[in-house]
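Working notes for the structure below.
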Amino acid sequence: MSRPMNASPMRGYLVLESGELYAGSFRGGESRAGEVVFNTSHSGYEEIATDPSYYNQIMVMTAPMQGNYGIDRSFWESRRIWIDGFISVEMQESVRDSSWRCQLGEAGVPMLSDLDTREIVLRLRDLGTPWGAIVKAATESEAKEKAAALIKAKKTGEPDWVWAVSRRQVEVRNGAVANGPRIAVMDFGAKENILRELCSRASEVAVFPSRATADEVRAWNPDGIMLSNGPGDPEAVVGATETVRALLGWKPIFGICMGHQILSRALGAKTFKLKFGHRGGNHPVKDQLLGKIYVTSQNHGYAVDDKTLPSDVRVTHTNLNDGTVEGVECSSKLCFSVQYHPESHPGPHEAVQLFDYFIERLRK
Amino acid sequence: MPRLTDVRKVLILGSGPIVIGQACEFDYSGTQACKALMKEGLDVILVNSNPATIMTDPELATRVYIEPLTVPFVEKILEKERPDAVIPTLGGQTALNLALQLDEQGILKRLGVRLLGADPKVIRAAEDRETFRDILDQVGAKYPKSEMVRTYQQAMDVAVRIGFPLILRPNYTLGGGGGGVAYTLEEYERMIARGLKESPTSEVLVEESILGWKEFELEVIRDKTGTFVIVCSIENLDPCGVHTGDSITVAPQQTLTDRQYQEMRDEAKKIIEAVGLATGGANIQFATHPTTGERVVIEMNPRVSRSSALASKATGFPIAKIAALLAVGYELEEIRNDITKSTPSCYEPALDYVVTKIPRFAFEKFPGSQDLLTTQMKSVGEVMGIGRTFKESLHKALSSLENKVEGFAPVVFSERLLAHPNSQRIFHLAQAFREGMTLEQIHEITQITPWFLEQIQTLISFETDLEEATSLDADLLLKAKRLGFSDAAIARHCKMTAAEVRKLRHQLGMRPGFSQVDTCAGEFKSETPYYYSSYWTRPQPALKSTKSKVAVLGSGPNRIGQGIEFDYSCVRGVKRFQAEGRAVAMINSNPETVSTDYDTSDELYFEPLTEEHVLEILDRLQPEGFVSQLGGQTPINLAAKLVGAGHKLLGSSLESIDLAEDRGRFTAVCQELQFKIPASGMAASFTEANEIAGRIGYPVICRPSYVLGGRRMEVVENEDELASYFERHGSFISTSEPCLMDQFLEGALEVDVDLVRGVDWMVIGGIVEHIEAAGVHSGDSMGVLPPQRLKKAICEKIEDLAKRLAVRLDTIGHLNLQLAVKNDQVYMLEANPRSSRSVPFVSKATRIPLIDLGVQAVLGRKSIEVQPSRYQWDATDDVSVKGVVFPFKKFPESDSILGPEMKSTGESMGRGIDYAEALLKASIASHINIPPTGEVFLSLRDLDKDSLLPLARSLVGMGYRLSATSGTARFLFNEGIDCVPVKKVHEGRPNCVDRIRSGQVALVINTTSGRRAVEASFDIRRSCIDFSIPCITESHAAEALLTALKKHRSREFSVLAQEKMI
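Chains as they are written, first to last, in our numbering: chain A, 1 to 364; chain B, 1 to 1062.
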């Protein structure tokens, strides 16, 4: 009978900085280090891998079987794959289709499978998000040695992750609505679908690098400003908070994810690192702007501390699982933002109306 | 917002007897709802005619009515109880249709009762296919091209317009009743006629075929503020064309891209809103084209369903409970997630495992029926397997089927059985790979999504790895276990025994881990002990408990002969063990049940009921003991192996079980006690059988050893039939498993006795007198308690025999006996050392909590504690009749005549102030259309002619017209009774079948015996089934029906609430 390819894969390990070690099969790519996080989205692996917000991160997928429906370039959320590791119980690998595994391998992203991801998830949940590395190694001690070196190198890299993923040049795109507004986007690691959602409602969209100055943005004379999603710690982002602060009250601003955190910081609030973050497509949020509760697409490791918000900023969105801030509004300064992803991809679409809400504010 | 303040008393409608398409999942949903609403402090009134349910235990609601689910009875209950609202969404299609009728007839309005959860407009919008299609148009959803057909002529035009193959869906029928796929004009003509008849509105939707498309289902829930969540997505392995209840399904869906899935989600939300479903659960089925991705909507149900039970078990999200709380005004945000206890219910479960459901079929019970799956549901039960991967879960689900061979049993490959969906297709699919067919070929033939085929291919390919391995080392074994191979399956490929594989595995320290079903893929801490085993998971010690642990073994998938009754026993048993201070671990594989609700036991193990899986659980738990007398035959069959592995069996010992179950030993015991037993013998061949028959005399009952529900059991009248019996069933008969032959006590009265024996006490639960004479399986005969025909002295004699036998067998706990009475002689037929099918009925009829007593017995409680004299089964004033429901409609080629092989799927209960009332209620509850007037057609065997003469006279006296076949007509003429003679089928046309099919006959009484006569009258019974005309095939039952007819005319009946158990 014809038998599917089942070449015995190499042994590989996920090694955490805190010392834990998980053995599995190394499915391709090169040994790499990253922040180890888990994601509970059932589908959308390709969108996740190409989302710049996952820069420097090793993704543990809780859904056990990955790669089931192959790949499609139109699902990409940016120009490249950003994750630094992909872990699941199983990876689709058959004569007919092993495209997902191959794609990650070609991008050098290490993959680990044939292990109990739930054990890792419970570790991350209980003790927080550590650094770690996926390494190809023959023995545990070799794995630990390799991992330590990789982690050390990674940690001493560029602290401003947003700058690492952001565009270096301004990119201007035509919108679909000829008499629609012109929108400036601060690219902190913007997902393609934010730009798509804006373009479908705007006449023109200009995407600025994360270190663009307020004057550069003003010079383009937009009707509104979008602050995009992006990776890492908002505190480490150079320049953006100041730029946004300078733009407050000038034109309406809408922030998403990193954009929400930068906006909150510009308004005077503080951000903090969550124990293990929110990554998935099933988090309930109470939205007081749209007046409803819905399930959202989430991906963030930091959050805004509601106790540090100034009195003119109100919390408009709340995570119903843990009560954390999911969105704020400051009407006097014409801005609002959400921590989660109304542009989805992956995840449910119900929050997409927030783009309409933003556009309406531009008309006023 | 908290709950509605103007709703203080609600009435919940149940779903009635178990039928194909509507089974114990509605006991699960109704029970959940009752518990949740009672906890809210509401008065809950429950109506259900099915006594075998947990929900009809009097403790579950404020008041429980075991009454027929028809308008007159429910109207009377509404008048008596005056509830504020009715919840119609928890009792399946039965409850929804009933709610519609109550609304249409103005009863709800007159009594000021509102419907909660779904209003009539919503029910119609979802159920009426034309209205539903308008809604789909509104939201821009697509659906297969189709037209509603109301006449035969119109149907022919539509067929030309749409083209074959065509799918037929009669309006307002459950489980797709009367529907199917027509490939040819000939098939189509036949199916249209039946479909129009079967639809209560005489409407059939004729639809463009989407055969071969991928099929999906979304389980959704919405609250009144519009918060909407998908609880679970389900993907069918079988492409469109097979009813989803008959498909192998997987949750969550596996092969949709995120975009496809989210678009489907959006569409579901729009549809729910457009239909107007304000609160509650619903499911929507979709089909997507395998290559273009085009999507169409198949249907929507605005209520909890079989799939929502599956979704609840698959995810830990209790849909029915939440739907009930939403119906009384809560919002999803306000309802806490039971499992995490920290998060709200307005989220979508995330799964880090895969769930596979496999239906269980009963084609072998219906000789002549075609094992072919269509859009009309035919399965009688289902199993669910949970594993970390699809492969592990599929293997576990296969083990859960409790087939003789675990896993992918080798079969003699048939391309036909691969090409046409049938109950064995999954095995032929595996075999196709073994035979060297390529994935592309198999895909071409089956249209099954390649991803699924690959998974199965990997498993079959691994069989070769096992076969080629020089030795079974730790790596290979772990790989096999992670792929879900059972020890028995591994053994098959490694030329070892299952015990050897287990021993090796244990030596290697390779044990399964137990993971939690936690609704959130580990994101939040969860304390709820709902577990599944997996070899992907590192083993962890069991929860420490200060209480002593007891493991209760469930009954596995529903099948004919072992169904909801045993789940009732298990659940009530669990509750009693808990009351006795024990922590109970429940083990079961059936997603439809109350027993697999994580809320039922202290720990739930959703696992196959096989030696391997149960042992791993017991080894982990180290319980005080395990209980095998509550879950029917499945756990009884496991008991010896579990004891052999060092675990303690609670209740009757293995020796007692063996004494009762081994025919030879049981006969010896009866002889020793000087009980009368039917003469019997055991034959390994036809020659031996012929000798034995000569000795004991015809008629004889023949059956192979080890049968459940009377499989292959037949009454044989002469040598020709004996030869035919061996021809048909010879392959099940051997020297080691001989054919058991018993003298058949023609015309005898049969009884069931259920008793419980403790260390120094005994309680007789009751004697159920069968209404049909001996020869009809006890599960298929109607029964009455207290007995109506047995003399008191005989009842006492029966009690005496039962008690003596229990003592001799030394049973502890339940014992069920079957006896026969002929000419005032009592014969002992059979003993089952376990709770039985009749226990729930008996408990409800006598108010004796038999299951509780069984638990007390098993735990060694003494007479002084139990006070057995409180329980007098004959102290009841009213009469209870057990009615029976059959699935013949779903098996168009099969005969509906009753015999020693059980064929019924469910039972009803009628309680009345007298026999007539109880009979009437049981008949109505069993969906027998009692005709107030019209023509009664009689075709009687000679034996019954004299005895049924008074019945014929009474019918004429009551104004019924009579018609009869020539012999019967002649007999009636001679007795001075007027009747229309009608031709038999072979006598030409128009004949009796034409007469029935043309709608002239309202009731048929047809008694026959002898294989040839039975075959000759097949068409009579079949036409009755097809046209929903009551057909009585046994003379005692005919007399009982006459009693019910008379009562029906009086139009007087009471409705009685169940009293609390003693």
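Think of the CB as a built atom: it goes at the ideal place given N, C-alpha and C, for glycine as much as any other residue. This one's a predicted model, so the numbers in the text were calculated from it and none came from an experiment.
If you measure from the CB of residue i, is any heavy atom of the ligand SAM nearer than 7 Å?
i, result
"residue 318 of chain A", "Within the structure as shown, the ligand SAM is missing, as the structure has no ligands at all."
Using the three-state DSSP reduction, which class does residue i fall into: helix, strand or coil?
i, result
"residue 353 of chain B", "coil"
"residue 66 of chain A", "strand"
"residue 810 of chain B", "coil"
"residue 518 of chain B", "coil"
"residue 304 of chain B", "coil"
"residue 882 of chain B", "strand"
"residue 17 of chain A", "coil"
"residue 873 of chain B", "helix"
"residue 251 of chain B", "strand"
"residue 905 of chain B", "coil"
"residue 549 of chain B", "strand"
"residue 323 of chain A", "coil"
"residue 461 of chain B", "helix"
Evaluate residue i with the Cβ neighbour count: other Cβ atoms within 10 Å of its Cβ, from every protein chain shown; 16 or more gives buried, anything less gives exposed.
i, result
"residue 10 of chain A", "exposed"
"residue 10 of chain B", "buried"
"residue 61 of chain B", "buried"
"residue 142 of chain A", "exposed"
"residue 86 of chain A", "buried"
"residue 5 of chain A", "Residue confidence for residue 5 of chain A is low, a pLDDT of 44 falling below 50, so the modelled location carries little weight and cannot support an answer."
"residue 735 of chain B", "exposed"
"residue 357 of chain B", "buried"
"residue 995 of chain B", "buried"
"residue 458 of chain B", "buried"
"residue 807 of chain B", "exposed"
Are the C-beta of residue i and some C-beta of chain A separated by less than 8 Å?
i, result
"residue 213 of chain B", "no"
"residue 354 of chain B", "yes"
"residue 346 of chain B", "yes"
"residue 439 of chain B", "yes"
"residue 265 of chain B", "yes"
"residue 115 of chain B", "no"
"residue 350 of chain B", "yes"
"residue 521 of chain B", "yes"
"residue 470 of chain B", "no"
"residue 164 of chain B", "no"
Looking at the C-beta of residue i, does it have a partner C-beta in chain B at a distance below 8 Å?
i, result
"residue 153 of chain A", "no"
"residue 44 of chain A", "yes"
"residue 53 of chain A", "no"
"residue 25 of chain A", "no"
"residue 79 of chain A", "no"
So if DSSP puts residue i in a beta bridge, which residue, or which two residues, is it bridged to?
i, result
"residue 913 of chain B", "In the DSSP output, where bridge partners are listed per residue, residue 913 of chain B has none listed."
"residue 752 of chain B", "B/768, B/818"
"residue 95 of chain A", "Paired residue(s): none; residue 95 of chain A is not in a bridge."
"residue 365 of chain A", "Chain A is shown from 1 up to 364; residue 365 of chain A falls before or after that span and cannot be answered."
"residue 187 of chain A", "A/209"
Can you list the beta strand (DSSP E) stretches of 3 or more residues lying completely in the segment 42-112 of chain B, in chain order? 43-47, 63-65, 85-87
Inside the segment 159-226 of chain B only - beta strand (DSSP E) runs reaching at least 3 residues: 166-170, 180-182, 204-208, 214-222
Please go through the segment 692-753 of chain B and give each complete alpha helix (DSSP H) segment of 4 or more residues, from N-terminal end onward. 719-729
Entirely enclosed alpha helix (DSSP H) segments - the segment 931-971 of chain B, minimum 4 residues: 942-945, 949-957
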